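Below is one structure, written out as structure tokens; comments come after it.
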Amino acid sequence: MSTSTEAQVNKLLERGLYDLWYPICPSDFVKEKPVSMRRLGYKLALWRDAGGVIRALEDHCPHRGAPLSMGVNLGDRLACPYHGIEVRCDGQVTKVPASPGCTLEGTRATRSFHVLDAHGAIWLYNSRSYVETPPPLNLPEELTSPEWSSFQCYVEWRGDYRYVADNVMDPMHGTFVHKQSHSMSEGDISAKFQLRRTEHGFMFEKAGQRGVNFDWTEWCDTDLHWMRLAIPYPKTGGPGGPFTIIGSYTPIVENVAAVFHWRLRKVSGWQRNTWRFLYKNRLEARHWVVLEQDRVMLESMEPDANQREHLYEHDVGVSRLRRHKQSLAQKQITAARQAAESKAAAAIPAAADAATAKA
Numbered sequence: 005m006s007t008s009t010e011a012q013v014n015k016l017l018e019r020g021l022y023d024l025w026y027p028i029c030p031s032d033f034v035k036e037k038p039v040s041m042r043r044l045g046y047k048l049a050l051w052r053d054a055g056g057v058i059r060a061l062e063d064h065c066p067h068r069g070a071p072l073s074m075g076v077n078l079g080d081r082l083a084c085p086y087h088g089i090e091v092r093c094d095g096q097v098t099k100v101p102a103s104p105g106c107t108l109e110g111t112r113a114t115r116s117f118h119v120l121d122a123h124g125a126i127w128l129y130n131s132r133s134y135v136e137t138p139p140p141l142n143l144p145e146e147l148t149s150p151e152w153s154s155f156q157c158y159v160e161w162r163g164d165y166r167y168v169a170d171n172v173m174d175p176m177h178g179t180f181v182h183k184q185s186h187s188m189s190e191g192d193i194s195a196k197f198q199l200r201r202t203e204h205g206f207m208f209e210k211a212g213q214r215g216v217n218f219d220w221t222e223w224c225d226t227d228l229h230w231m232r233l234a235i236p237y238p239k240t241g242g243p244g245g246p247f248t249i250i251g252s253y254t255p256i257v258e259n260v261a262a263v264f265h266w267r268l269r270k271v272s273g274w275q276r277n278t279w280r281f282l283y284k285n286r287l288e289a290r291h292w293v294v295l296e297q298d299r300v301m302l303e304s305m306e307p308d309a310n311q312r313e314h315l316y317e318h319d320v321g322v323s324r325l326r327r328h329k330q331s332l333a334q335k336q337i338t339a340a341r342q343a344a345e346s347k348a349a350a351a352i353p354a355a356a357d358a359a360t361a362k363a
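The sequence shown maps to residues 5 to 363 in our numbering.
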């Protein structure tokens with residue numbers, strides 16, 4: 005890979021791959037009054053219409069660039085606070101009060117985004133260009149099945165969101181960073197690891213040790229990148245089997261990450277009530293301690309730490325994940341370049357025909 009291509013790949017990964025769903029904030033961050041937030045290289049304006057449906061536009065009025073998030077919620081559109089320009093949720097300008105009938109009216113002049121409110125989070129489809137219909141939001145079973153009970157955990161960390169994924173794809177760190185945890189104090193301090201394919205990605209796991217510590221991580225791609233792991237509970241953790249975590253991570257701006265974890269157990273009936281009571285009254289505080297240990301470690305690392313590494317066997321999962329994402333980024337960059345070249349090539353005959361006709 006050339007130096008320029010490598011820089012392009014890194015830049016794309018830094019702001020977030022295209023054509024994927026990302027969780028951008030908890031559901032209760034967005035109400036009827038428009039709010040502004042930065043995610044995935046964009047400044048976004050988000051609001052709810054009268055029916056509670058989430059809407060999203062780039063927070064930029066096409067007239068003079070004023071923030072639409074400071075404007076008036078008109079249901080399926082926002083009225084810019086500067087000159088009253090009305091922009092619909094699909095990006096089309098529907099009204100220019102000061103100059104009715106001007107050429108701006110009827111144009112799709114603002115970038116719009118497909119967004120969904122599901123399982124306690126707002127999800128945004130980061131398409132390279134506008135698409136009429138995005139792919140379905142294909143979430144893991146743990147978030148959609150009534151057999152599972154969950155609690156959402158959302159934090160914002162100073163650091164590249166890719167470092168968070170690296171951390172989760174590193175089961176070995178649990179034995180050291182979290183060695184005082186009630187659920188990660190057991191198991192060998194050394195281990196052999198293996199990679200194996202799964203339906204939607206791959207699993208990186210300790211060979212010969214399962215259900216003892218943080219022993220494995222699965223990375224999945226379902227038009228949404230997410231990770232799954234399980235941590236064994238002692239009997240004092242109540243009913244429900246292993247404590248499962250689903251994670252997904254989104255860049256806010258450079259070196260700031262939106263970190264989503266859903267903490268789950270497969271429980272029903274009285275066991276569900278017992279688990280939820282135990283979690284809120286005893287276990288949640290312990291899990292926040294574990295998460296805080298990760299935060300302190302990652303935020304203390306230099307932004308270029310991954311450029312000065314000496315990886316070994318325990319880091320095969322991290323290496324595999326990075327290579328895969330680099331490959332995805334390379335494909336997207338190549339596809340964009342080829343599309344631009346095709347468009348330019350098609351424009352040459354059209355320009356020649358126009359010149360001939362004029363002559």
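Beta carbons: idealized from backbone N, C-alpha and C, even for Gly.
This structure is a prediction, so every number in the text was calculated from the model and none was measured.
**Asked** Do Q311 and Y22 come within 8 angstroms of each other at the CB atom, strictly closer than that value?
**Response** Cβ distance not < 8 angstroms, so Y22 and Q311 don't count as in contact.
**Asked** Expressed to the nearest angstrom, what Euclidean distance is found between the alpha-carbon atoms of R269 and K196?
**Response** Between R269 and K196, the C-alpha separation is close to 28 angstroms.
**Asked** Buried or exposed: which applies to R43, given that a residue is buried once 16 or more other Cβ atoms fall within 10 Å of its Cβ?
**Response** Answer is buried; the Cβ neighbour count reaches 16.
**Asked** Rounded to whole angstroms, how far is the Cβ of P238 from the Cβ of P246, which I believe are closer than 8 angstroms?
**Response** Not a contact, Cβ separation roughly 12 angstroms.
**Request:** Specify the secondary structure class of Y129 as computed by DSSP and reduced to three states.
**Result:** DSSP places Y129 in strand when its eight states are reduced to three.
**Item:** Which of helix, strand or coil DSSP assigns to F197
**Value:** It is a strand residue.
**Asked** With N77 and P30 assumed to form a contact (beta carbons below 8 angstroms), what rounded beta-carbon distance in angstroms separates them?
**Response** Contact doesn't hold; Cβ gap of about 20 angstroms is too wide.
**Prompt:** According to DSSP, what are the bridge partners of P265?
**Reply:** According to the sequence as given, residue 265 is His; it is not Pro. Answer is C157, G251, bridged to H265.
**Prompt:** Thinking just about the alpha-carbon of each residue, which of G20, W25, D121, L16 is nearest to the one in T226?
**Reply:** Taking the Cα of T226 as reference, the smallest distance to any Cα among G20, W25, D121, L16 is reached at W25.
**Asked** Do R327 and L199 have their C-beta atoms closer together than 8 angstroms?
**Response** Cβ atoms of R327 and L199: not closer than 8 angstroms.
**Request:** Could you say if the region 46-64 and the region 271-287 meet the contact criterion of at least three C-beta pairs nearer than 8 angstroms?
**Result:** The answer is no - the region 271-287 does not touch the region 46-64, with fewer than three Cβ pairs under 8 angstroms.
**Beta-carbon separation (whole angstroms), C65 vs I89, contact threshold 8 angstroms** = Rounded, the Cβ-Cβ distance is 6 angstroms, consistent with contact.
**Item:** beta strand (DSSP E) segments (min. 3 residues) lying fully within the region 30-114
**Value:** The qualifying runs are 39-43, 46-52, 58-62, 81-83, 90-92, 97-99.
**Asked** Using DSSP with H/G/I as helix, E/B as strand and the rest coil, what is H123?
**Response** H123: coil per DSSP, three-state reduction.
**Under the three-state DSSP convention, the category A289 falls into** = It is helical.
**Prompt:** Just the Cα atoms here: how many angstroms apart are H309 and R166?
**Reply:** It is Ala, not His, that sits at residue 309 in the sequence shown. Their backbone Cα atoms lie some 12 angstroms apart in a straight line.
**Message:** By the three-class DSSP mapping on this structure, what secondary structure does V271 have?
**Reply:** DSSP places V271 in coil when its eight states are reduced to three.
**Request:** Name the two residues that bound the continuous beta strand (DSSP E) containing F218.
**Result:** Per DSSP, F218 belongs to no beta strand (DSSP E) and is neither H nor E.
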